[in-house]
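Taking it in order: structure first as structure tokens, then the write-up.
Protein chains in written order, with the numbering used here: chain A, 1 to 249; chain B, 250 to 592.
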């Protein structure tokens with residue numbers, strides 16, 4: 001929840017709301033919501049990885065992604081996951097490789113067209129992103145999967161932040177963040193604080209304040225989502241260091 | 250919304266630890282670099298309409314001693330008003346709790362990069378003298394830098410030398426820092442840096458500093474670092490080599506390392522004396538070191554070097570080259586006159 005009050009030092013979220021932990025809950029509703037959130041964060045990296053690493057066709061990649069995220073399949077994987085052995089992201093990718101290599105290539109063809117349970121995701125957006133961002137010839141597949149995972153995590157965080165900002169009456173703060181940090185970045189003409197002040201009809205000092213607020217809140221949302229996706233405190237802190245360069249103690 | 254591009258992702262990751270400048274006169278522009286003490290950002294000062302550099306403690310650090318060290322650094326810089334020390338404009342605490350100070354934005358080259366472009370040893374030594382001048386000024390105010398290395402010396406576009414990163418500087422043992430214009434002494438406690446914690450850079454760090462004997466440190470620790478710096482300037486040898494030897498064989502081997510390049514023996518002696526493992530065997534002050542370098546430049550006898558008769562003759566010849574040439578010309582003329590006179 002957005003909180004406008006000044007804080008002495010940013011506090012790190014904890015993994016007590018980890019989706020990995022919640023997806024092992026005895027409460028089936030909690031479990032279902034956790035699996036749904038895991039799907040939202042991971043389906044695009046998984047789909048793109050299948051397309052790039054395994055050269056899967058659109059149909060095969062779709063079927064494999066569907067199969068991978070079927071509630072009983074993903075639940076079985078999560079039950080096997082041991083945070084002491086690997087990061088959750090690495091564990092999932094290894095499982096995915098195993099799935100493709102050993103099991104389902106043939107079985108999927110049988111399943112296709114059957115009445116197997118489906119999970120829903122928007123294939124078009126993933127295909128569009130594949131076209132736009134290329135297939136990362138220069139990256140190894142682990143780095144590629146990580147990159148797409150980061151893209152997915154940040155994308156989810158942006159949308160969550162947008163929703164929170166709108167609900168909290170901070171739409172202008174989000175709009176300034178969107179213009180300066182999301183849209184304008186990489187543009188030929190560098191947007192200045194003065195440009196933003198003019199565009200939004202506020203003093204330049206207010207742009208500084210709004211941007212600082214938005215960046216702080218965005219970082220909070222990213223860290224909260226990250227904490228959800230990690231299986232342990234240690235993993236979360238390592239991921240936070242790798243991802244954001246922050247060094248929690 | 251459409252997916253985030255690679256450049257936007259990189260940007261978002263980069264700004265994650267950017268400080269909260271709300272309520273200040275600064276707008277953050279970019280990240281310039283980071284060290285052990287904090288991160289330096291390029292910022293725009295709206296009031297004075299100029300770029301400044303902001304040094305800020307690290308995000309999520311929550312380390313009170315890091316805050317204290319950064320403020321101490323700012324206070325040291327504010328008191329040491331010298332052309333070789335970057336002026337500080339402002340300091341304080343940001344809304345996110347991080348400590349910062351604003352300083353002049355410096356443009357220039359790192360010392361070793363700049364030195365590679367110099368064409369003569371004399372130019373290099375004159376540059377080194379300017380570094381010594383700045384450090385001697387700090388010592389006169391009771392401050393030891395403790396982390397002199399090429400990365401912490403910048404040379405501006407007009408050849409001006411700037412000593413950076415006073416983050417691990419400390420008061421000389423038993424000294425009360427003198428202040429400028431009768432201001433109260435710097436409230437810098439020797440224990441600001443926890444005893445036993447080795448702060449500094451291997452290869453440039455005096456042995457007593459490497460051993461964590463912080464209470465024993467005096468200006469001769471900087472003399473040692475300056476000796477290492479001079480050696481790097483003269484030879485261009487990577488400091489890693491010195492680091493390795495330092496670690497494996499002790500500091501004595503740094504001083505006695507062989508010279509792979511034809512460096513004048515008096516300069517080798519100057520380096521050796523500055524790099525002596527025991528503080529008592531080093532130059533007592535940076536001024537003494539600088540004076541010996543000046544002596545070499547003016548072809549006078551270098552204190553650190555016991556010269557041979559041949560070297561003395563060579564030095565005499567170099568120093569009095571013009572007079573010797575005039576005398577020789579005069580004598581030749583006299584001989585010629587005598588010969589022609591007889592005919």
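Don't be surprised by glycine CBs; every beta carbon is placed ideally from N, CA and C. These figures come from a predicted structure and were not determined experimentally.
Under a three-way DSSP split, which group does residue 588 of chain B fall into?
As a first step, residue 588 of chain B must be located in the second chain, where it is residue number 339. Reduced to three states, the DSSP call for residue 588 of chain B is helix.
Where do the ends of the alpha helix (DSSP H) carrying residue 181 of chain A lie?
For this step, residue 181 of chain A is matched to residue 181 along the first chain. Neither: residue 181 of chain A is in no alpha helix (DSSP H) and is coded neither H nor E.
At 8 Å on the CB atoms, spell out the chain B contacts of residue 122 of chain A, in chain order.
Locating residue 122 of chain A in the first chain gives position 122, counting from the first residue. The premise fails here: residue 122 of chain A is roughly 12 Å from chain B at the closest Cβ pair, so nothing lies under 8 Å.
Output needed in chain order: residues of the region 39-65 of chain A with a Cβ under 9 Å from some Cβ in chain B.
Correct list: 44.
Can the beta-carbon of residue 294 of chain B be found closer than 8 Å to that of residue 274 of chain B?
For the purposes of this step, residue 294 of chain B is taken as residue 45 along the second chain, with counting starting at 1. For the purposes of this step, residue 274 of chain B is taken as residue 25 along the second chain, with counting starting at 1. Yes, the pair counts as a contact, with Cβ atoms nearer than the cut-off.
DSSP three-state call for residue 529 of chain B: helix, strand or coil?
For the purposes of this step, residue 529 of chain B is taken as residue 280 along the second chain, with counting starting at 1. If DSSP states are grouped into helix, strand and coil, residue 529 of chain B belongs with the helices.
Start-to-end residues for the alpha helix (DSSP H) that takes in residue 93 of chain A
Locating residue 93 of chain A in the first chain gives position 93, where the first residue counts as 1. 88-98 is the span of the alpha helix (DSSP H), which, as asked, contains residue 93 of chain A.
What is the DSSP secondary structure of residue 512 of chain B, reduced to helix, strand or coil?
As a first step, residue 512 of chain B is located in the second chain; it is residue number 263 there, counting from the start. Looking at residue 512 of chain B - three-state DSSP - the assignment turns out to be coil, as it is neither helix nor strand.
Could you check which residue in A:94, A:161 and A:34 has the C-alpha nearest to that of residue 49 of chain A?
In the first chain, counting from the first residue as 1, residue 49 of chain A sits at position 49. Looking at the Cα atoms, A:94 is the closest of the given residues.
Looking at the structure shown, is residue 397 of chain B part of a helix, part of a strand, or coil, going by DSSP?
Looking up residue 397 of chain B in the second chain gives position 148. Reduced to three states, the DSSP call for residue 397 of chain B is coil.
Under the three-state DSSP convention, the category residue 416 of chain B falls into
Taking the first residue of the second chain as position 1, residue 416 of chain B is located at position 167. Coil.
Would you tell me roughly how many angstroms separate the C-alpha atoms of residue 177 of chain A and residue 482 of chain B, rounded to the nearest one?
Working through the first chain from its first residue, we reach residue 177 of chain A at position 177. Working through the second chain from its first residue, we reach residue 482 of chain B at position 233. C-alpha separation (whole angstroms): 47 Å.
Nearest-angstrom Cβ-Cβ length linking residue 335 of chain B and residue 413 of chain B, presumed shorter than 8 Å:
Counting from 1 along the second chain, the entry for residue 335 of chain B is found at position 86. Counting from 1 along the second chain, the entry for residue 413 of chain B is found at position 164. Right, the Cβ-Cβ distance comes to about 7 Å (below 8 Å), so this counts as a contact.
May I have the straight-line CA-CA distance separating residue 339 of chain B from residue 529 of chain B, to the nearest angstrom?
Your numbering for residue 339 of chain B matches position 90 in the second chain. Your numbering for residue 529 of chain B matches position 280 in the second chain. Taking C-alpha positions only, residue 339 of chain B is separated from residue 529 of chain B by approximately 40 Å.
Under three-state DSSP, which class holds residue 31 of chain A?
In the first chain, counting from the first residue as 1, residue 31 of chain A sits at position 31. The DSSP-derived three-state label of residue 31 of chain A is helix.
Chain-ordered chain A contacts of residue 265 of chain B [CB-CB under 7 Å]:
Translated into positions along the second chain, residue 265 of chain B becomes position 16. Ordered by position in chain A, the residues that pass the 7 Å Cβ test against residue 265 of chain B are 219, 244, 245 and 246.
Compute the distance between the beta-carbons of residue 385 of chain B and residue 322 of chain B, then report whether it is under 8 Å.
In the second chain, counting from the first residue as 1, residue 385 of chain B sits at position 136. In the second chain, counting from the first residue as 1, residue 322 of chain B sits at position 73. No, the pair does not count as a contact, with Cβ atoms beyond the cut-off.
Among all the DSSP beta bridges, which residues are the ones paired with residue 290 of chain B?
Taking the second chain and counting its residues from 1, the one referred to as residue 290 of chain B is at position 41. For residue 290 of chain B, which the question treats as bridged, DSSP gives the partners B:280 and B:303.
Starting from the C-beta of residue 252 of chain B, find all residues in its chain whose C-beta is less than 8 Å away, skip the five residues before and the five after it, and write them out in chain order.
Residue mapping note: residue 252 of chain B aligns to position 3 of the second chain, counting from 1. Exclusion of the five residues before and after residue 252 of chain B leaves no residue of its chain whose Cβ lies closer than 8 Å to its Cβ.
Pick from B:282, B:407 and B:258: whose alpha carbon is nearest that of residue 149 of chain A?
Here residue 149 of chain A refers to the residue found at position 149 when the first chain is read from its first residue. Residue B:258 is the option with its Cα nearest to residue 149 of chain A.
Taking Cβ positions only, does residue 182 of chain A come closer than 8 Å to chain B?
Walking along the first chain from the start, residue 182 of chain A turns up at place 182. In terms of beta-carbon proximity, residue 182 of chain A lines the interface with chain B, with at least one pair separated by less than 8 Å.
Could you give the distance in angstroms between the alpha-carbon of residue 147 of chain A and the alpha-carbon of residue 282 of chain B?
Residue 147 of chain A sits at position 147 when you count from the first residue of the first chain. Residue 282 of chain B sits at position 33 when you count from the first residue of the second chain. Using only the alpha carbons, I get a separation of about 24 Å.
Ranges of the beta strand (DSSP E) found wholly within the region 321-389 of chain B, counting only runs of at least 3
337-342, 348-353 and 357-359
Could you compute how far the alpha carbon of residue 571 of chain B sits from the alpha carbon of residue 565 of chain B?
As a working note, residue 571 of chain B is residue 322 in the second chain. As a working note, residue 565 of chain B is residue 316 in the second chain. The alpha-carbon atoms of residue 571 of chain B and residue 565 of chain B are separated by roughly 11 Å.
If you compare alpha carbons, which of A:245, A:101, A:124 and A:73 is closest to residue 44 of chain A?
Along the first chain, read from residue 1 onward, the residue named residue 44 of chain A stands at position 44. Per the Cα distances, A:124.
Looking at the strands, I want to know which residues DSSP matches up with residue 275 of chain B.
Translated into the one-based positions of the second chain, residue 275 of chain B becomes position 26. According to DSSP, residue pairing for residue 275 of chain B in a beta bridge involves B:294.
Supposed close pair residue 174 of chain A, residue 199 of chain A - CB separation, criterion 8 Å:
Along the first chain, one-based indexing puts residue 174 of chain A at 174. Along the first chain, one-based indexing puts residue 199 of chain A at 199. Rounded, the Cβ-Cβ distance is 14 Å, inconsistent with contact.
Partner residues on chain B for residue 151 of chain A, Cβ-Cβ distance less than 7 Å
What you label residue 151 of chain A is simply residue 151 of the first chain in a count that begins at 1. Correct list: 252, 253 and 258.
Using 8 Å as the threshold, is the C-beta distance between residue 523 of chain B and residue 514 of chain B below it?
Working through the second chain from its first residue, we reach residue 523 of chain B at position 274. Working through the second chain from its first residue, we reach residue 514 of chain B at position 265. No, the pair does not count as a contact, with Cβ atoms beyond the cut-off.
Helix, strand or coil for residue 411 of chain B per DSSP?
The residue given as residue 411 of chain B occupies position 162 in the second chain. Residue state, collapsed to three classes: strand.
Under three-state DSSP, which class holds residue 483 of chain B?
Within the second chain, residue 483 of chain B is the residue found at index 234, counting from 1. It is helical.
Beta carbons nearer than 7 Å to chain A: which residues of the region 278-297 of chain B have them?
295
Which residues in the same chain as residue 518 of chain B place their Cβ atom closer than 7 Å to its Cβ, once the five residues preceding and following it in sequence are excluded?
As a working note, residue 518 of chain B is residue 269 in the second chain. Excluding residues within five positions, the ones whose Cβ falls inside 7 Å are 551, 553 and 554.
Under 7 Å from the C-beta of residue 271 of chain B: neighbouring residues of chain A:
Here residue 271 of chain B refers to the residue found at position 22 when the second chain is read from its first residue. Near residue 271 of chain B (Cβ distances below 7 Å), the residues of chain A are 208, 209, 212 and 213.
Using DSSP with H/G/I as helix, E/B as strand and the rest coil, what is residue 155 of chain A?
For the purposes of this step, residue 155 of chain A is taken as residue 155 along the first chain, with counting starting at 1. If DSSP states are grouped into helix, strand and coil, residue 155 of chain A belongs with the helices.
Alpha carbon to alpha carbon, what distance is there between residue 327 of chain B and residue 314 of chain B?
The sequence position of residue 314 of chain B within the second chain is 65, counting from 1. The sequence position of residue 327 of chain B within the second chain is 78, counting from 1. Near 20 Å, if we compare the C-alpha coordinates of residue 327 of chain B and residue 314 of chain B.
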